[in-house]
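Trainee: Take a look at the following structure, please.
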């Protein structure tokens, strides 16, 4: 099955700086890559996703890039704010699976 | 917030007992997936139900079982509870149509503690 690795496990940045979280996947058939934000005690919420037919997608301060050849994808958050502090999970899915394979998470702390 | 609900919110059981967790899917969705999230870890796929049948299963033993009802709500049953079963159990609903992947919407989870 698919194996998703995520780095770093913790990340601290100053407010206003950028944050980058990286994930690699093992199954070249994977074609859907969502990112979830999970605040303490709450459900994972989708913040952005990308499909394998595009290399980059942006939504305001959040962007995701995908390198299919290297089998890695990254989340970029610019102009970080304290409310961005949470655990972020990457995930991957392949056709027919309809379930997500999650990374181990990155705890992002934005220091005011 | 999504329209996915779960009950109960919290549950405490002892080793060897059985537990049933419930999930109501979002309106218009026909698929429910269950995930186990241990403390400090990412969610791990348990199984998925589509049109009342199991449609894929992760690396979990048979004592984890489930059901999906005609209204697409679902139950997760765990028999012979072990200490390692302590986790947040998340259900996610989605619309399945062919092989195209559709977004999964997560419920708030049930926190299970096994003593």
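Chains as they are written, first to last, in the working numbering: chain Z, 1 to 112; chain U, 113 to 227.
Glycine residues also receive a C-beta, built at the ideal position from the N, C-alpha and C atoms.
From a predicted model like this one, the values you see are computed outputs, not experimental measurements.
1) Could you give the distance in angstroms between the alpha-carbon of residue 175(U) and the alpha-carbon of residue 132(U)?
2) Please say whether residue 151(U) and residue 222(U) have beta carbons closer to each other than 8 Å?
3) Given that residue 99(Z) touches chain U, what residues does it touch there, using C-beta distances under 7 Å?
4) Taking Cβ-Cβ distances below 8 Å as the criterion, which residues of the stretch 175-191 of chain U are in contact with chain Z?
5) Taking Cβ-Cβ distances shorter than 9 Å, what residues in chain Z pair up with residue 153(U)?
6) What does DSSP give as the partner residue(s) for residue 57(Z) in the beta ladder?
7) Using a Cβ-Cβ cut-off of less than 9 Å, give me the residues of the stretch 44-65 of chain Z that come near chain U, in sequence order.
8) Determine, using beta carbons only, whether residue 48(Z) and residue 62(Z) come nearer to each other than 8 Å.
9) Quick one: what does DSSP say residue 15(Z) is sitting in, helix, strand or coil?
10) Can you tell me whether DSSP reads residue 27(Z) as helix, strand or coil?
11) Hey, is the stretch 8-18 of chain Z in contact with the stretch 95-107 of chain Z, meaning 3+ C-beta pairs nearer than 8 Å?
12) Would you say residue 33(Z) reaches chain U, if we count a Cβ-Cβ gap shorter than 8 Å as a contact?
13) Can you name, in chain order, every residue of its own chain whose Cβ lies under 6 Å from the Cβ of residue 200(U), other than the five neighbours on each side?
14) Consult DSSP for residue 108(Z) and reduce its assignment to one of helix, strand or coil.
15) Since residue 209(U) and residue 137(U) should fall inside the 8 Å C-beta cutoff, what is the C-beta to C-beta distance between them, to a whole number of angstroms?
16) What does DSSP give as the partner residues of residue 117(U) in its beta bridges?
17) Give, in chain order, every residue of the stretch 72-86 of chain Z whose Cβ lies closer than 7 Å to some Cβ of chain U.
18) Taking 8 Å as the threshold (beta carbon to beta carbon), is residue 215(U) in contact with chain Z?
19) In the DSSP assignment, find the unbroken beta strand (DSSP E) run with residue 97(Z) in it and report its ends.
20) Once DSSP output is grouped into helix, strand and coil, what is the label at residue 34(Z)?
21) For residue 126(U), which residues does DSSP report across the bridge?
Mentor: On the basis of the data shown:
1) 12 Å
2) no
3) 145, 157, 160 and 168
4) none
5) 102, 104 and 105
6) 64(Z)
7) 44, 45, 46, 49 and 51
8) yes
9) coil
10) coil
11) yes
12) no
13) 149, 221 and 223
14) strand
15) The Cβ separation is near 15 Å, so there is no contact.
16) 136(U)
17) none
18) yes
19) Careful: residue 97(Z) lies outside any beta strand (DSSP E) and carries neither H nor E.
20) strand
21) Beta-bridge pairing links residue 126(U) to no other residue.
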